[in-house]
DNA sequence: AAGTCGTGGAC
DNA sequence: TGTCCAAGACT
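In full-length UniProt numbering, the protein residues as written are 1 to 362.
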């Protein structure tokens, strides 16, 4: 069915649709490759609506590549705080330094150079180069995968057909209008060809779409098999010293929430009470002894691959010199200073609870 | 090559 | 309340 149509026909109808119904997004008002790069990184696995305020604040604080490259990582992470997937911020920072080193601070315009920057894969490289320089490079993000899977009636989960999807994306690319085409295809996926209840009657490709013609649009793309999420119980310590300061630690640079600050703690073992867990973890990780006091708050938080319940207790520092055994760094800080440090979301809720108690007592 | 890596919105 | 999933990259 769909083989009978010429690619040029699809491209023309998509472009006409885009000119009427495309989204007005902040990063479409510029061709500055740096600004577009920032937007592409922030948009990875993150909704447009979430990104927009971060995007504006970022460009205000880091208006160009040298400014970003010369800023301390802690400030960079503070600007990223709340966006998640913090490796994106660390990679963006490293990549900025590489652009300064290797390209005199000018963002490269060659695909292989862009692709070699940390945090930039094939889709992001194509997105940047097509948007900033109108280069004819295809993309394959979540939107495009879904659109193409429905278009051809893909009978497997997209992950299993990634090579075919790239081929198709390449073949369909409008080489005369690559910037418009890529943006249009993503908008189509985001606003018409949505995961649930797609608006097929409004779609410029409805006549060519296998899924719509077969009424399979709610079954394609096929779902990836999902695995159950483990749930961990965590004991967390808000440790106070006699100066009215609390102890925080900076997590290791790599891995989950790398480089962010947190209140120390750890997993509750089988048949272990929460106070016992907290005392043990603090001894193991920081080498100090504490007394566990009042319960502060209990929080549930969902990550991508597991869930946690944080059981947070006020604690009193007793003895020993804190040492960064399983973290990068340790500090005693006054509660009002906590806002200066980048924390993961679950920990900002703990901070709110501390400040609320603090203010209601004082 | 399957697992890892955050958070919020939508339903 | 749970589930899906959003402009993916890296290991």
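Ideal placement from N, C-alpha and C gives every residue a C-beta, glycine not left out.
Since this is a predicted model, take the numbers as computed values, not measurements.
Which residues mark the beginning and the end of the beta strand (DSSP E) in which residue i is found?
i, result
"residue 330", "329-333"
"residue 55", "Not the beta strand (DSSP E): residue 55 falls in the alpha helix (DSSP H), residues 48-61."
"residue 39", "No beta strand (DSSP E) contains residue 39, which is instead part of the alpha helix (DSSP H) from 33-42."
"residue 240", "231-240"
"residue 247", "246-250"
"residue 267", "265-267"
"residue 313", "307-319"
"residue 182", "First-last for residue 182: 178-187, but that is the alpha helix (DSSP H), not the beta strand (DSSP E)."
Let me make sure I understand the geometry here. Which of the options has the alpha-carbon closest to that of residue i?
i, options, result
"residue 20", "215, 204, 322", "204"
"residue 216", "274, 225, 206", "206"
"residue 202", "192, 230, 208, 63", "192"
"residue 291", "354, 270, 115, 315", "315"
"residue 87", "338, 312, 257, 79", "257"
"residue 341", "259, 324, 168", "259"
"residue 261", "199, 355, 171, 326", "326"
"residue 185", "210, 143, 199, 158", "143"
"residue 218", "200, 234, 232, 235", "200"
"residue 172", "18, 138, 293", "138"
"residue 313", "161, 299, 320, 223", "299"
"residue 335", "348, 354, 320", "354"
"residue 56", "69, 71, 25", "25"
Residue i to residue j, Cα distance in whole Å?
i, j, result
"residue 368", "residue 239", "With the chain running from 1 to 362 in the structure shown, residue 368 is simply not present."
"residue 2", "residue 152", "Confidence at residue 2 is low in this model, with a pLDDT of 48, below 50, so its placement is unreliable and the value that follows should be read with caution. One C-alpha to the other measures close to 7 Å."
"residue 4", "residue 136", "With a pLDDT of only 47 at residue 4, under the threshold of 50, the placement of this residue in the model should not be trusted; the figure read from the coordinates follows. Cα to Cα, the separation comes out at about 24 Å."
"residue 40", "residue 122", "12 Å"
"residue 251", "residue 51", "25 Å"
"residue 84", "residue 195", "22 Å"
"residue 81", "residue 155", "39 Å"
"residue 76", "residue 59", "12 Å"
"residue 126", "residue 67", "25 Å"
"residue 118", "residue 188", "29 Å"
"residue 176", "residue 96", "31 Å"
"residue 360", "residue 244", "16 Å"
"residue 168", "residue 148", "8 Å"
"residue 61", "residue 220", "42 Å"
"residue 35", "residue 317", "46 Å"
"residue 29", "residue 132", "11 Å"
"residue 297", "residue 237", "11 Å"
"residue 304", "residue 339", "25 Å"
"residue 78", "residue 265", "22 Å"
"residue 12", "residue 234", "55 Å"
"residue 180", "residue 344", "37 Å"
"residue 208", "residue 349", "49 Å"
"residue 287", "residue 241", "15 Å"
Any idea if residue i is buried or exposed, counting beta-carbon neighbours within 10 angstroms, 16 or more meaning buried?
i, result
"residue 346", "buried"
"residue 163", "exposed"
"residue 90", "buried"
"residue 124", "buried"
"residue 130", "buried"
"residue 306", "exposed"
"residue 99", "buried"
"residue 294", "exposed"
"residue 358", "exposed"
"residue 145", "buried"
"residue 150", "buried"
Taking the alpha helix (DSSP H) that residue i falls in, what are its first and last residues?
i, result
"residue 18", "7-21"
"residue 147", "142-152"
"residue 130", "122-133"
"residue 171", "162-172"
"residue 278", "274-286"
"residue 68", "65-69"
- Item | Inter-stretch contact at 8 Å, needing at least 3 Cβ pairs: the segment 230-250 / the segment 328-338 | yes
- Counting pairs of beta carbons, one from the segment 261-276 and one from the segment 219-230, are three or more of them closer than 8 Å? No, the segment 261-276 is not in contact with the segment 219-230.
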